[in-house]
Structures are given as structure tokens and as C-alpha cells.
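Worksheet: one structure, shown below.
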Amino acid sequence: MRGAATRVSLAVAGAATVLATAGCGTVAGTDSVADDDSLVIGVNGDQPGLSTRTADGTYEGFDIDVARYVAGRLGATVTFKPVTSATRESMIQSGAVDLVVASYSITQDRKTKVAFAGPYYVAHQDILVRASDAPATRDVHDLAGRRLCRVPGSVSFPRVREERGVDVRAQDAPGYTGCLEQLLGGRLDAVSTDDLILAGLAATSGAAGGTGERLRIVNAPFSDEPYGIGIARGDLDGCTAVNQAITRMYQDGTAERLLRKWFTPVGLKVTTTVPQFEGCD
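Sequence positions in the sequence shown follow our numbering and run 73 to 353.
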């Protein structure tokens with residue numbers, strides 16, 4: 073799966089400007105995604121607007137378009153492989169995937185297991201409720217005593233109960249599509265996670281129900297969620313090359329076009345300036 077050395081030289085040389093901002097170095101002779109002619113990229117399959125698997129087995133969404141753009145800048149073809157919030161780290165560590173582009177928030181704990189390029193977007197955790205419950209839900213503290221969706225491997229639920237100290241009741245679901253189904257079915261009261269995910273869920277609900285008002289985002293963000301591209305620790309050449317691709321994605325207008333394509337139809341205000349990179353250590 074490894075590509076020609078000539079492309080490696082071009083990628084490393086072209087990434088010089090990114091090194092200053094991303095904090096990534098290079099290690100000569102390492103096995104790197106920067107050398108790959110083809111990439112296996114881990115993606116979610118149940119996050120409308122970000123990454124969903126369609127009936128014909130293909131994938132679509134903002135994360136999918138970002139993954140294709142990055143791979144294209146690296147000169148590689150793409151094969152997508154499904155991951156979940158609970159399996160992202162292990163699949164990078166085992167080599168089952170080369171990269172993960174899956175609403176993957178960069179956290180200090182996760183950085184002990186994998187490395188991150190980016191972020192390619194900074195989302196914000198917010199709350200999704202049924203429209204009838206929206207007047208009584210002004211911020212995260214109004215969730216006390218209510219049933220809140222919990223997805224294994226996601227940091228969203230702990231951010232509400234542990235970090236914010238809100239006494240919510242856990243209602244488990246395997247993924248955020250399951251959260252949506254339970255919210256619409258009245259089996260839970262709210263979903264709290266990144267606003268891009270919530271926007272996609274709300275859009276799906278409106279399209280399916282024909283109302284557009286069945287669900288509502290509270291618009292009371294309470295965290296920053298820097299979405300990184302997961303990569304194996306030690307692949308500093310690869311991190312540099314991916315950061316260069318992300319920078320170019322914003323410079324050439326692709327990031328703004330994709331964000332508006334997937335999220336502005338549901339009224340979400342998106343940020344279209346390149347995020348501050350966190351480094352590749």
C-alpha cells in the first residue's frame with residue numbers, strides 16, 4: 073500500500089509552512105500515511121450530515137467529503153471502514169485503519185493512545201429536544217432529572233453528568249441514530265452532543281416527518297469540540313501532510329462550501345476560518 077518516494081519528498085517539502093503552526097516534526101524512514109497510494113479511513117455510519125451509510129453501501133456527509141479531500145491531497149485512493157465511538161482508538165492502534173475521520177474530538181486522554189492532525193473543525197456541544205420541550209430547556213442545567221442519551225465511547229454524556237454536575241438519567245443507545253429514534257419515540261428526553269451531529273439529526277427528523285419542527289436545538293453551547301483526524305502515534309510525516317491538506321481545504325474555499333452544504337439548511341451557524349492546530353505529539 074506504500075507509494076513512491078517522490079511523492080513523499082513533495083509532501084514533506086510542501087508541508088514546511090504547516091510545521092510552524094501545527095507543531096509536527098518529521099522522522100526519516102518511518103512508515104507513514106504520507107507514503108500511501110491507498111488509505112483505509114474509519115468513518116461513522118449513523119451521523120446524518122456528518123457521516124451516514126446509504127442503502128447502497130456508500131457513505132455521505134461532511135466527514136466523508138473531508139476524508140476524500142484529504143486523501144486526494146495526499147494522492148491516495150480511499151476505502152471507508154465503519155468505526156464507532158468505542159472502537160476508534162483500537163482500530164488505529166491495530167492498523168485496521170490508516171486514519172479516522174469520525175467527529176473525533178481531540179482530548180488529552182485520547183492523545184495518550186493515538187495522535188491527531190487538525191482539528192479540521194471546532195464544534196460545540198449543545199442539546200437537542202422535542203419542540204414541545206424546548207421552552208423548558210434553556211441550558212444544560214435544565215436537563216436535571218431527565219433521560220439523556222448515552223452512546224458508548226462518546227465523551228458527550230460524561231461532559232453533562234460528571235463535568236457539569238447535572239443529575240441526568242442515562243438512556244443507552246448504540247449510536248446517535250438510535251438516540252434520534254428514542255427521542256422521537258418518547259423513550260428519552262434529550263440528546264446532548266456536538267452541534268454538527270445534532271444539526272444532522274434535526275434535519276433527518278424534519279425530512280422524515282415532514283414538519284421540520286419536531287426537534288429543536290437549544291442553542292446553548294457549553295464546550296469546544298475540536299474534531300481531529302486520528303492517526304497512529306509517531307507518524308509525524310503523515311500528520312504534517314494531513315495538516316497541510318486541511319489548511320489548503322480552508323484556503324481554497326472547500327471547507328466553507330462543505331459546511332454550508334451540510335449544515336446551514338437547518339440554521340446552524342458554522343465557522344469558516346481554519347482552526348488553530350493542536351500539534352501532533
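All C-beta atoms in this analysis are idealised placements derived from N, C-alpha and C, irrespective of residue type, glycine included. Small disclaimer: the values here were computed from a predicted structure and weren't measured.
Use the C-beta contact count for ALA187: other C-beta atoms within 10 angstroms, 16 or more gives buried, fewer gives exposed. buried
Along the alpha helix (DSSP H) that carries LYS333, what are the first and last residues, could you check? 326 to 335
Where ASP239 falls, given that 16 or more other Cβ within 10 Å makes a residue buried: ASP239 should be labelled exposed.
Which residue comes first and which comes last in the beta strand (DSSP E) that contains THR151? Counting along the chain, the beta strand (DSSP E) containing THR151 begins and ends at 149 to 154.
CYS251 versus GLU235, ASP353 and LEU273, residue with shortest Cα-Cα distance: LEU273
Taking the C-alpha atoms as reference points, what is the distance between LEU340 and TYR322? 19 Å
Whole angstroms is fine: what's the gap from THR102's alpha carbon to VAL314's? Low per-residue confidence applies at THR102: pLDDT is 49, beneath 50, and the placement is therefore not dependable, though the value from the model is reported in the following sentence. Inter-residue distance for THR102 and VAL314 is about 16 Å (C-alpha atoms, whole angstroms).
With 16 as the cutoff for other CB atoms within 10 Å, does PRO207 come out buried or exposed? exposed
Select from PRO337, ALA275 and CYS352 the residue whose C-alpha is nearest the C-alpha of PRO120. ALA275
Pairs of beta-carbons, one from the region 326 to 334 and one from the region 131 to 148, closer than 8 Å: are there three or more? yes
Sort GLU161, THR184, ALA168 and GLY167 by Cα distance to TYR176 and report the nearest one. GLU161
Measuring straight from C-alpha to C-alpha, what distance separates PRO246 and THR345? Rounded to the nearest whole angstrom, the CA to CA distance from PRO246 to THR345 is 33 Å.
Contact defined as beta carbons within less than 8 Å: I believe VAL211 pairs with ALA292. What is the distance between those atoms, to the nearest angstrom? According to the sequence displayed, residue 211 carries Asp and not Val. Sure, about 4 Å apart at Cβ, within 8 Å.
Are the region 215 to 222 and the region 297 to 308 touching, with three or more C-beta to C-beta distances below 8 Å? no
Every unbroken beta strand (DSSP E) inside the region 108 to 142 [3 residues or more]: Counting only runs of at least 3 residues, the region 108 to 142 fully encloses the following beta strand (DSSP E) elements, listed from N- to C-terminal order: 110 to 115 and 123 to 125.
By the 10 Å Cβ neighbour count, where 16 or more other Cβ atoms means buried, how is ARG222 classified, buried or exposed? Buried is the call here.
Could you give the distance in angstroms between the alpha-carbon of ALA143 and the alpha-carbon of TRP334? 20 Å
Output needed for ARG286: all residues of its chain with C-beta closer than 8 Å, excluding positions within five of it in sequence on either side, in chain order. ARG202, ALA203, LEU256, SER277 and GLY278
Helix, strand or coil for ILE164 per DSSP? helix
Backbone secondary structure at SER228 - three-state DSSP: helix
Could you tell me which of LEU146, ILE178 and VAL115 sits nearest to PHE152, measuring between CA atoms? VAL115
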